[in-house]
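Colleague: Would you mind keeping the following structure in view while I ask a few things?
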Amino acid sequence: MVSTIAKKRGFGAVLWDYLTTVDHKKIAILYLVAGGFFFLVGGIEAMFIRIQLAIPESDFVSAGVYNEIMTMHGTTMIFLAAMPLLFALMNAVVPIQIGARDVAFPFVNSLGFWLFFFGGIFLNLGWFMGGAPDAGWTAYASLTLNSEGHGMDFYILGLQIAGIGTLIAGINFLATIINMRAPGMTYMRMPLFTWTTFVASALILFAFPPLTAGLAMLMLDRMFDTSFFNPELGGNTIIWEHLFWIFGHPEVYILILPAFGIFSEIIPVFARKRLFGYSSMVFATVLIGFLGFMVWAHHMFTTGLGPIANAIFAVATMAIAVPTGIKVFNWLLTIWGGNVKFTTPMLYSVAFIPSFLLGGVTGVMLAAAAADYQFHDTYFVVAHFHYVIIGGVVFGILAGVHYWWPKMFGKILNEKLGKIGFVLFFIGFHLTFFIQHFLGLWGMPRRVFTFLPGQGLELGNLISTIGALFMFVAVVIMLINIIWTTAKGERVSSDPWGDGRTLEWAVSSPPPEYNFKQLPLVRGLDPLWIEKMDGKKGMTASEPLDDIHMPNNSILPVIISFGLFVSAFGFMYRQEHNWGLPVIFIGLGITFATMLVRSLKDDHGYHIHKEDLTDDDDKGVKA
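Each number in our numbering comes from the position in the sequence shown (counting from 1) with 332 added on.
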């Protein structure tokens with residue numbers, strides 16, 4: 333995972349390098365490791381849920397612990413696993429795809445990661461400090477305000493910290509994609525993964541502030557006795573639902589759009605054909621992003637908004653099926669007539685299409701408000717969103733990790749183990765969640781920790797649990813694959829798949845710290861492919877060889893994030909302990925003092941001289 337230089341330097345030096353790094357490729361590895369860890373934690377929580385529900389009247393965990401596990405499973409998987417794993421791929425790939433040397437703000441990029449990391453750690457500390465969050469991952473205000481102990485405080489404060497990290501990461505990607513594109517890289521020449529990152533970052537910019545505001549009000553209600561959501565004091569609990577879902581529904585598209593981008597990168601490479609209908613794919617991406625904000629109240633059909641509001645949101649929800657359908661047909665037409673090579677990334681990409689389609693169909697069923705009164709709060713809904721999130725997002729992440737792993741680490745994952753893992757995961761996924769549609773229709777409610785025998789739910793739940801076990805084994809196989817590849821894997825060239833079309837396959841694997849010796853000249857869509865067709869080995873340079881300016885490493889992002897982490901404990905224990913208030917000020921003092929140091933100290937970075945660049949010809953622009 334680390335370069336040969338790092339191996340010689342010893343563990344301490346490598347650790348310090350990763351703590352202080354501002355290089356987007358190392359930050360990608362940090363996101364990958366942290367997101368991978370939380371994915372395993374969320375997966376173990378999911379296994380506990382399924383073991384508890386395998387048989388009727390099970391007493392594997394108590395009702396209270398079940399609520400904690402269920403809450404933390406949802407929260408961990410969405411905020412601490414899916415998002416960072418997508419950020420890992422964005423960080424690793426997007427700057428190179430647009431021909432940039434780094435993101436627009438490398439320091440802010442590092443800060444974004446450390447805020448997410450400390451927020452995620454804080455969120456999970458509840459397990460060890462008197463109780464985890466237990467009001468469901470949506471944290472509905474009526475449940476949150478009545479939740480005993482500090483579980484929900486961990487949720488509120490942890491998500492605030494992690495959310496700031498996500499927000500600044502989104503702003504950074506927007507600035508990068510708008511300002512840092514190589515000469516010739518117009519918007520309509522950008523790869524689709526860059527496009528989907530761009531739209532998802534715009535969604536982050538508009539969706540996270542409502543969540544931040546909502547969480548701030550919830551914090552004030554719980555810790556300072558205000559009355560935003562407390563009906564007894566004149567508040568309104570439904571307003572929380574609005575604020576949460578104005579964030580929560582775009583969040584689904586923040587997750588799924590980058591996954592769509594990943595498939596749009598992988599399918600052309602292994603079908604050995606250019607992507608069918610590029611401009612319509614871009615149009616569909618932007619339209620999904622726009623419509624994603626128009627549909628939040630479909631999560632609230634049963635709250636009594638009235639028939640007109642329900643009808644408007646139902647129609648808007650169904651409208652999203654149109655751009656999504658455009659995408660599906662374009663992927664199918666890209667594969668059609670291609671010389672298809674079924675590697676592990678391609679298997680995940682092809683399996684995604686029918687899996688996601690089923691999630692989409694059940695989505696349109698749930699969008700019909702009248703029908704939703706029947707489906708609401710049953711396992712039918714659980715099945716629907718797992719088909720979208722696993723069949724779409726997780727398949728996308730697994731495809732992307734297999735696809736770009738050689739670019740990130742210079743070694744290709746074992747294909748045999750990859751394919752075994754894929755088969756087990758695919759079978760396990762459909763076994764787990766297909767039956768849940770029927771369990772829902774047979775009357776199994778969501779969020780219940782047990783069920784009675786003789787209600788016709790035994791077999792369905794047992795099948796579901798067996799499927800979850802399959803998925804668990806598949807993830808273990810992937811871990812073995814990663815360890816084996818890291819230890820024994822063969823080094824690969826700049827273009828290990830042999831049919832790379834975009835700029836990231838024009839630089840060495842792993843890329844040098846400056847990405848490109850000379851910024852490439854982009855002559856059209858799929859720029860590397862154009863150069864290959866002209867018989868060239870690598871990209872044509874757009875500038876003469878010159879010194880390269882690089883940013884200095886910095887430990888300040890870690891200290892800023894740590895300060896907020898400390899102050900969160902103060903906010904939580906302020907009412908019970910007299911040390912709460914001083915801790916708030918100490919934590920915020922650390923954060924603001926560090927920010928002041930950053931502001932006052934001019935850090936001009938350093939230069940890599942062109943004399944040093946000419947030594948290693950295998951790096952830089954040439955393939």
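Glycine is no exception: its CB is placed at the ideal position from the N, C-alpha and C atoms.
Computed from a predicted structure; not experimentally measured.
(1) Per DSSP, which residues does I880 bridge with? Please list them.
(2) Look at the Cβ atom of S596, then the Cβ atom of K739, and state whether they are nearer than 7 angstroms.
(3) Could you check the C-alpha separation between I862 and G856 for me, to the nearest Å?
(4) Shortest alpha-carbon distance to L679 belongs to which of F380, V393 and L756?
(5) Alpha carbon to alpha carbon, how far is F802 from I722? Give it in angstroms, no decimals.
(6) Mind checking if F561 is an interface residue toward chain B, Cβ cutoff 7 angstroms exclusive?
(7) So which of Y719, L665 and R604 has the shortest CA-CA distance to F688?
(8) Measuring only the C-alpha atoms, how far is M402 from I586?
(9) Which same chain residues, not among the five before or five after A900, have their C-beta less than 6 angstroms away from its C-beta?
(10) Taking only the alpha-carbon atoms, compute the straight-line gap between N884 and M555 and give it to the nearest angstrom.
(11) If we count the other Cβ atoms within 10 Å of its Cβ and call it buried at 16 or more, is A838 buried or exposed?
(12) Looking only at DSSP bridge pairs, what is A873 linked to?
(13) Considering S931, what are the terminal residues of the alpha helix (DSSP H) in which it resides?
(14) What does the alpha-carbon distance come out to for the pair K605 and G670?
(15) If the criterion is Cβ atoms closer than 7 angstroms, does the pair L794 and F712 meet it?
(16) Can you tell me where the alpha helix (DSSP H) holding W736 begins and where it ends?
(17) Taking the Cβ atom as the reference point for each residue, do A501 and G451 lie within a distance shorter than 7 angstroms?
(18) My output table needs one value for T675: the three-state DSSP class, helix, strand or coil.
(19) So does V672 have its beta carbon nearer than 6 angstroms to some heavy atom of the ligand SAM?
(20) Using only the alpha-carbon positions, how far apart do A494 and F449 sit?
(21) Can you tell me which of the three DSSP states R779 falls into?
(22) Decide yes or no for the touch test of the segment 896 to 913 against the segment 370 to 377: beta carbon pairs closer than 8 angstroms, at least 3 of them.
(23) Look up R433 in the DSSP assignment and say whether it is helix, strand or coil.
(24) Determine the direct distance from the alpha carbon of A467 to that of L550, and round the result to whole angstroms.
(25) Measuring CB atoms only, is the segment 758 to 771 touching the segment 729 to 736, in the sense that at least three cross pairs come out at less than 8 angstroms?
(26) Look at P852 and M865 and say whether their C-beta atoms are less than 7 angstroms apart.
(27) Measure the CB-CB distance between V714 and Q768 and report whether it falls below 7 angstroms.
(28) If the criterion is Cβ atoms closer than 7 angstroms, does the pair V696 and A591 meet it?
(29) Contact defined as beta carbons within less than 8 angstroms: I believe R778 pairs with T710. What is the distance between those atoms, to the nearest angstrom?
(30) Check each candidate in H405, G546, F661 and Y735 and name the one with the smallest Cα separation from P828.
(31) Using DSSP bridges, identify the partner residues of R823.
(32) Let me make sure I understand the geometry here. Which of I880, I752, E480 and S886 has the alpha-carbon closest to that of E943?
(33) Apart from the five residues on each side of it in sequence, which residues of its chain come closer than 6 angstroms, Cβ to Cβ, to G593?
(34) For the alpha helix (DSSP H) containing M650, list its first residue and its last residue.
(35) Buried or exposed for P914, please, with buried defined as at least 16 other CB atoms from any protein chain shown within 10 angstroms of its CB.
(36) Run through the DSSP bridge pairs and tell me what T710 is partnered with.
Modeller: The structure says:
(1) I940
(2) no
(3) 7 angstroms
(4) L756
(5) 14 angstroms
(6) Going by chain labels, chain B is absent from the structure shown, which holds only one protein chain.
(7) Y719
(8) 22 angstroms
(9) F454 and L489
(10) 40 angstroms
(11) buried
(12) P852
(13) G912 to L932
(14) 6 angstroms
(15) no
(16) F727 to F741
(17) no
(18) coil
(19) No copy of the ligand SAM appears in this structure; indeed no ligand is present at all.
(20) 7 angstroms
(21) coil
(22) no
(23) coil
(24) 13 angstroms
(25) no
(26) no
(27) yes
(28) no
(29) 6 angstroms
(30) Y735
(31) K743
(32) I880
(33) L524, F525 and T528
(34) P639 to A651
(35) exposed
(36) P777
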